[in-house]
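Asks: Quick one: this structure, given as structure tokens, is what I'll be asking you about.
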Amino acid sequence: MISFIIRRLLALIVVALGIITLVFMMRVIIPGDPIDTLLFGQPKTEEVVKNMRAELGLDKPLPVQYFNYIIGAAQGDLGKSLTTRRYVIDELGDRYVKTVGLAITSLLVGLVLGLIFGTMAARYKNTAIDTGITALSLIGLSLSPIWLGLVLINLLGVQLRILPVVGNGDLVQLIMPAMTLGIIQAAVISRFVRSSLLEVLGQDYIRTATAKGLQLNKVMTRHAYRNAMIPVVTILGLQFGGLLGGAVIVENIFAWPGLGQLAVKAISARDYPVIQGIVLLAAITYVLVNLIVDLLYFWIDPRLKAH
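According to our numbering, the residues represented by the sequence shown are 11 to 317, in order.
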């Protein structure tokens, strides 16, 4: 297992370097000049432009800029925002925590609902319950987070006034955006739980346990769930990456102060360092989550420890 972790960490370094390279190239590929953004509405003399380029390090050759960006990123220095002139890492700090908190909460909502409905569908296979849950999951897969978010705002925030529509980023304000993303995730997870459980319940050792007189609930909890969770854990890692991307829409609908809301502002202002920082942070987080998923395999499936 230790050798596996070392190999994965080495691969992580290579992937991180590739991500940093792609993020750096964003500034080269995207049209426009950061100096135009900084000096918008101000007199732009040749001396001012020269000094500004020197301050931002844009006067150096591209390979030197790339090397400096890698060194800075490794030390947590992602440059300064073109609009606020604050360090990018400071701009992202609290917002990153908010976005990751939203993603984790949404994933937990989706996991709980997905396990409940997926288990029910597998247990009552080919019955009205199974058909109804399958239909609901198909509807959930078709839902748009924009539409669902607006429905929840109108129902829970305007009509019933149970939850606040906007707030200061506290736990109460987190409920509706987490429900919006979690319900959609539950539709995906429930289908994987159902298919995985049906496959496991058809194995010989499950039939043997049932033949010995064990109740179905005990067979499910002691034998079926652990083996059925392997593909589910895989989809959870992939879903987390989707939540980081989907949070851009939901955060702006609910005014949740996360990276998604900051990303829209940065794109509107053509604030390249902040955009680069958001993309880099989200990509590194996604890679780390996949590393955690790989490590969870060893805990779920002891057979892997022998390899």
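Cβ coordinates follow ideal geometry from the N, Cα and C atoms, glycine included.
By Cβ distance below 8 Å, which residues in the same chain neighbour Thr-244 in space, the five residues on each side in sequence not counted?
Replies: Counting only Cβ-Cβ distances below 8 Å, and skipping sequence neighbours, we find Val-303.
Asks: Using 8 Å for Cβ pairs, my map puts Thr-190 next to Pro-155. What's the rounded Cβ distance?
Replies: The pair is a contact, with the Cβ atoms about 6 Å apart (cut-off 8 Å).
Asks: Relative to the C-alpha of Ala-227, which residue among Leu-146, Ser-116, Asp-140, Thr-129 is closest?
Replies: Per the sequence presented here, residue 227 reads as Asn, with Ala not at that position. Closest option to Asn-227, Cα to Cα, is Thr-129.
Asks: Tell me which same chain residues have a C-beta within less than 6 Å of the C-beta of Tyr-79, skipping the five on either side of it?
Replies: Here the set comprises Phe-34.
Asks: Cβ atoms of Leu-272 and Val-284: under 8 Å apart, would you say?
Replies: Going by C-beta atoms, Val-284 is nearer than 8 Å to Leu-272.
Asks: Using a Cβ-Cβ cutoff of less than 8 Å, which residues in the same chain neighbour Leu-166 once the five nearest sequence positions on both sides are dropped?
Replies: Taken in chain order, the residues that qualify are Ile-172, Leu-173, Met-186.
Asks: If you drop the 5 nearest sequence neighbours on each side, which residues of the same chain put their C-beta closer than 6 Å to that of Asp-140?
Replies: Same-chain partners within the cutoff: Ala-131, Tyr-134.
Asks: How many angstroms separate the CA atom of Ala-292 from the CA atom of Gln-225?
Replies: In a straight line, the C-alpha of Ala-292 is about 45 Å away from that of Gln-225.
Asks: Alpha carbon to alpha carbon, how far is Leu-112 from Val-258?
Replies: Near 11 Å, if we compare the C-alpha coordinates of Val-258 and Leu-112.
Asks: Helix, strand or coil: which one does DSSP assign to Tyr-97?
Replies: Tyr-97 falls in the strand class under three-state DSSP.
Asks: If I measure Cβ to Cβ from Gln-213 and keep anything under 6 Å in the same chain, skipping five residues before and after, which residues do I get?
Replies: Answer for Gln-213: no residue qualifies.
Asks: Should Gly-159 and Val-274 be called a contact, given that it needs their Cβ atoms to be closer than 8 Å?
Replies: Going by C-beta atoms, Gly-159 is not nearer than 8 Å to Val-274.
Asks: May I have the straight-line CA-CA distance separating Leu-253 from Leu-27, to the nearest angstrom?
Replies: Leu-253 and Leu-27: Cα-Cα distance of roughly 23 Å.
Asks: Around the C-beta of Met-36, are 16 or more other C-beta atoms found within 10 angstroms, so that it is buried, or is it exposed?
Replies: It counts as exposed.
Asks: Out of Tyr-307, Gly-270, Val-161, Ile-294, which one is the CA nearest neighbour of Ala-21?
Replies: Residue Ile-294 is the option with its Cα nearest to Ala-21.
Asks: Starting from Met-36, follow the alpha helix (DSSP H) in both directions and report where the run begins and ends.
Replies: Element bounds for Met-36: 12-39.
Asks: Could you check the C-alpha separation between Asp-69 and Asp-100 for me, to the nearest Å?
Replies: Answer to the nearest angstrom: the Cα atoms are 25 Å apart.
Asks: In the DSSP assignment, the alpha helix (DSSP H) including Lys-60 goes from what residue to what residue?
Replies: That run of the alpha helix (DSSP H) goes 56-66.
Asks: Please tell me whether Ser-205 and Ser-147 are closer than 8 Å, where the distance is taken between their beta carbons.
Replies: Taking 8 Å as the Cβ cut-off, Ser-205 and Ser-147 do not qualify as a contacting pair.
Asks: Tell me which same chain residues have a C-beta within less than 8 Å of the C-beta of Val-182, skipping the five on either side of it?
Replies: Here the set comprises Leu-173, Pro-174.
Asks: With burial defined as no fewer than 16 other Cβ atoms inside 10 Å of the residue's Cβ, what is the status of Tyr-215: buried or exposed?
Replies: Exposed, because fewer than 16 other Cβ atoms sit within 10 Å of the Cβ of Tyr-215.
Asks: With 16 as the cutoff for other CB atoms within 10 Å, does Ile-143 come out buried or exposed?
Replies: Answer is buried; the Cβ neighbour count reaches 16.
Asks: In whole angstroms, what is the alpha-carbon distance linking Leu-118 and Arg-17?
Replies: C-alpha separation (whole angstroms): 29 Å.
Asks: Return yes when the Cβ of Val-198 is within less than 8 Å of the Cβ of Leu-327, no when it is not.
Replies: Not covered by the structure: residue 327. The range shown for the chain is 11 to 317.
Asks: Write down the C-beta distance between Thr-93 and Ala-279 rounded to the nearest angstrom, noting that I regard them as a contact closer than 8 Å.
Replies: Contact flag correct, Cβ pair sits at about 5 Å.
Asks: Which residues mark the beginning and the end of the alpha helix (DSSP H) in which Gln-195 is found?
Replies: Unbroken alpha helix (DSSP H) run through Gln-195: 181-211.
Asks: When you compare only the Cα positions, how much space is there between Leu-305 and Val-74?
Replies: Approximately 37 Å between the Cα atoms of the pair.
Asks: CA-CA distance, Tyr-97 and Val-289?
Replies: Tyr-97 and Val-289: Cα-Cα distance of roughly 16 Å.
Asks: Should Gln-169 go down as buried or exposed, given a rule of 16 or more other Cβ atoms within 10 Å for buried?
Replies: Exposed, since its Cβ has fewer than 16 Cβ neighbours within 10 Å.
Asks: Quick check on DSSP: helix, strand or coil for Lys-222?
Replies: Reduced to three states, the DSSP call for Lys-222 is coil.
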